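*Asks:*
Protein chains: 2
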Amino acid sequence: MSSPRRVGSQTSRTRDQLLDCAEQLMIEKGYAHVTYRAVAARAGVTAGLVQYYFPKLDDLFIAEIRRRSEQNLDRLVALLDAHADEPLRVLWEYSRDEATAALTTEFIALGNHRPSIRAEIADVTDKVRRVQLEALAARYGTTGISLGALPPAALLFLLTGIPKLIRLEEGVGVSTTHGEAVRAFESFLDSVEPASRPKAKKPTKRAPAAKRSR
Amino acid sequence: MSSPRRVGSQTSRTRDQLLDCAEQLMIEKGYAHVTYRAVAARAGVTAGLVQYYFPKLDDLFIAEIRRRSEQNLDRLVALLDAHADEPLRVLWEYSRDEATAALTTEFIALGNHRPSIRAEIADVTDKVRRVQLEALAARYGTTGISLGALPPAALLFLLTGIPKLIRLEEGVGVSTTHGEAVRAFESFLDSVEPASRPKAKKPTKRAPAAKRSR
DNA sequence: GTCTATACGGCGATAGAC
DNA sequence: GTCTATCGCCGTATAGAC
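Chains as they are written, first to last, in my numbering: chain A, 98 to 311; chain B, 98 to 311.
Okay, here's the thing in structure tokens:
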């Protein structure tokens, strides 16, 4: 047996710092600018070392996705727990939170033609959706109850999808009709879950808004 | 004055063929695989010639976007004209047509951090949306009439956005809740615009479904 | 106006030295 | 555990042939 390629340990502090740098680069300049050399330069190490921890560039991206999505899932579960009486509002606000939206878009684009990354995204997307559906079912049951005759799955799709769409369009510089769409949906929310608390509270300090390379 | 770089004419037949090859490559393997050398190989010419017509790679992508979106806009206008009594159904079916969806996703990802391409996408997106809004206003007026109390802009956003979302998720291999969402929305459509003709007719033969590089 | 040949530096990836 | 050398691709630029 020829020994396979050597790889740095997953618990290395260096490894975690490299992931931080990669994430920053990705937010600021897009995944195309996340290169071994660029990450290394930002972290103050050699490119070879980055490759030691992430033999393929995809390994880096996958590690990034996994780390991020675990944080996000934890946060979502905590929010749904804390406001179990108004899951719709929680999901809506959670989806509108822009902190991780820029990264998500980046990852989707990245996964579009890269099987290993696509699989990772599909995995976390499904996991999140299951949690969301459970929260809806716990509060409103599994049938299409009030909710404008919408079955829970369809409602969930709107609730989390519309903010995603808006971000996507904002990303290319389009904003037509966004305001109307948001207002319409929020007034529907108001009718189903009369606002007790206006916003899902922020769990922690987030990174400043991503600067785009315009 | 040093003469600027020379560029091939916009009416060249060769140029059009190069665009065809680039589009095929993009659908089959993603924009990352659209390279001067790859396009040239498919077209049976040298890489230098591709560069002669498209000095920067972005020039190629922009030309591709422009050509495609003009075709699509023409098609949309024709459909709306032919079925002026049921614009909702036309927009829904048009948005669900997958022929150009793979390309659209690709372009959005591409434009995410490339200003010139982003500008091009924003331009055509706005243009299309204006046409769509006009069609809605012509049939239903500009106020939020019936339509589930949704203002036209919000309705339009759902109508064209949901199919886009579904494609996006399909692209990464997620399909949970898609069926329910489509069914729910179509039954709403049925209630507003009782189906006379079930589908927006196809304008012409389309390319076979894109093979994904799984 | 069309097209070819050639060169440059940056990239992902690999094998292997320290 | 860390880093270097090397390979074959890439975008881009330029000079010049038909």
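Just so you know, even glycine gets a beta-carbon here, dropped at the ideal spot from N, CA and C.
Note that the coordinates shown come from a computational prediction; the quantities given were computed from them, not determined experimentally.
1. Does the beta carbon of Pro305/A sit closer than 9 angstroms to a beta carbon anywhere in chain B?
2. How should Pro260/A be labelled, buried or exposed, when 16 other C-beta atoms within 10 angstroms of its C-beta is the threshold for buried?
3. Report all residues from its chain with a CB closer than 8 angstroms to the CB of Leu255/B; omit the five preceding and five following residues, and keep chain order.
4. Along chain A, which residues have their Cβ under 8 angstroms away from the Cβ of Ile259/B?
5. Kindly say whether Phe158/A, judged by its beta-carbon, lies nearer than 9 angstroms to any beta-carbon of chain B.
6. Among Met123/B, Ala138/B, Leu188/B, which has the Cα closest to the Cα of Arg165/B?
7. Between Ala181/A, Ile162/A, Thr273/A, Arg139/A, which has its C-alpha nearest Phe204/A's C-alpha?
8. Going by C-alpha distance, which of Tyr128/A, Leu176/A, Ile214/A, Glu267/A is nearest Glu195/A?
9. Going by Cα to Cα distance, which pick from Lys126/A, Val174/A, Ala129/A, Ala119/A is closest to Gln148/A?
10. I'd like to know whether the C-beta of Gly268/A is nearer than 9 angstroms to at least one C-beta of chain B.
11. With respect to the alpha helix (DSSP H) encompassing Thr222/A, which residues constitute its N-terminal and C-terminal limits?
12. Just the C-alpha distance for Leu262/A and Arg264/B, rounded to the nearest angstrom, thanks.
13. If you draw a straight line from the alpha carbon of Leu116/B to that of Ala175/A, how long is it in whole angstroms?
14. Does the separation of the CB atoms of Leu286/B and Leu253/B fall below 9 angstroms?
15. When you compare the CB positions of His180/A and Arg172/A, do they come within less than 9 angstroms of one another, or not?
16. Using CA coordinates, which residue listed in Ser288/B, Gly141/B, Leu170/B, His130/B is at the minimum distance from His68/A?
17. So is Thr108/A in contact with chain B if we call contact Cβ pairs under 9 angstroms?
18. Is DSSP giving Arg102/B helix, strand or coil here?
19. Considering only the alpha carbon of each residue, which of Arg139/B, Lys224/B, Ala160/B, Leu154/B lies closest to Glu125/B?
20. Would you please verify whether the beta carbon of Pro53/A is less than 9 angstroms from any beta carbon of chain B?
21. Threshold first: 4 residues or longer. Then list the alpha helix (DSSP H) segments lying entirely within the region 128 to 172 of chain B, N to C.
22. Can Thr111/A and Leu146/A be called in contact, C-beta distance under 9 angstroms?
23. Check each candidate in Lys224/A, Tyr128/A, Ala137/A and name the one with the smallest Cα separation from Val271/B.
24. Please list, in chain order, the chain A residues whose beta carbon lies closer than 7 angstroms to that of Ala250/B.
25. Classify Leu274/A: buried if its beta carbon has 16 or more other beta carbons within 10 angstroms, exposed otherwise.
*Replies:* So, from the data block:
1. Low local confidence applies: a pLDDT of 48 at Pro305/A is under 50, so the model's placement there is unreliable, and no value is given.
2. Result: buried.
3. Here the set comprises Leu247, Phe282.
4. Chain order gives the chain A residues near Ile259/B as Phe254, Leu255, Gly258, where near means a beta carbon separation below 8 angstroms.
5. No, because no Cβ of chain B sits closer than 9 angstroms to the Cβ of Phe158/A.
6. With respect to the C-alpha of Arg165/B, the residue from Met123/B, Ala138/B, Leu188/B having the closest C-alpha is Met123/B.
7. Here the closest residue by C-alpha is Ile162/A.
8. When only C-alpha atoms are compared, the closest one is Glu267/A.
9. Nearest of Lys126/A, Val174/A, Ala129/A, Ala119/A to Gln148/A, Cα basis: Ala119/A.
10. Chain B, which has a Cβ nearer than 9 angstroms to the Cβ of Gly268/A, makes this yes.
11. Thr222/A: member of the alpha helix (DSSP H) spanning 212 to 237, first to last residue.
12. About 12 angstroms.
13. Rounded to the nearest whole angstrom, the C-alpha separation of Leu116/B and Ala175/A is 50 angstroms.
14. No. Outside cutoff.
15. No; because the gap between Cβ atoms is not below 9 angstroms, this pair is not in contact.
16. Coverage of chain A is limited to positions 98 through 311, which leaves residue 68/A absent and any answer about it impossible.
17. No, because no Cβ of chain B sits closer than 9 angstroms to the Cβ of Thr108/A.
18. Three-state DSSP puts Arg102/B in coil, outside helix and strand.
19. Closest option to Glu125/B, judged by alpha-carbon separation, among Arg139/B, Lys224/B, Ala160/B, Leu154/B: Arg139/B.
20. With chain A covering only 98 through 311, there is no way to say anything about residue 53/A.
21. Runs of the alpha helix (DSSP H) lying entirely within the region 128 to 172 of chain B and spanning at least 4 residues, in chain order: 133 to 140, 144 to 150.
22. Leu146/A is positioned such that its CB atom lies closer than 9 angstroms to that of Thr111/A.
23. If we check each option's Cα against that of Val271/B, Lys224/A comes out closest.
24. Neighbours of Ala250/B on chain A, chain order: Thr274, Glu277, Ala278.
25. Note on residue identity: the sequence assigns Thr, not Leu, to residue 274/A. Buried, because 16 or more other Cβ atoms sit within 10 Å of the Cβ of Thr274/A.
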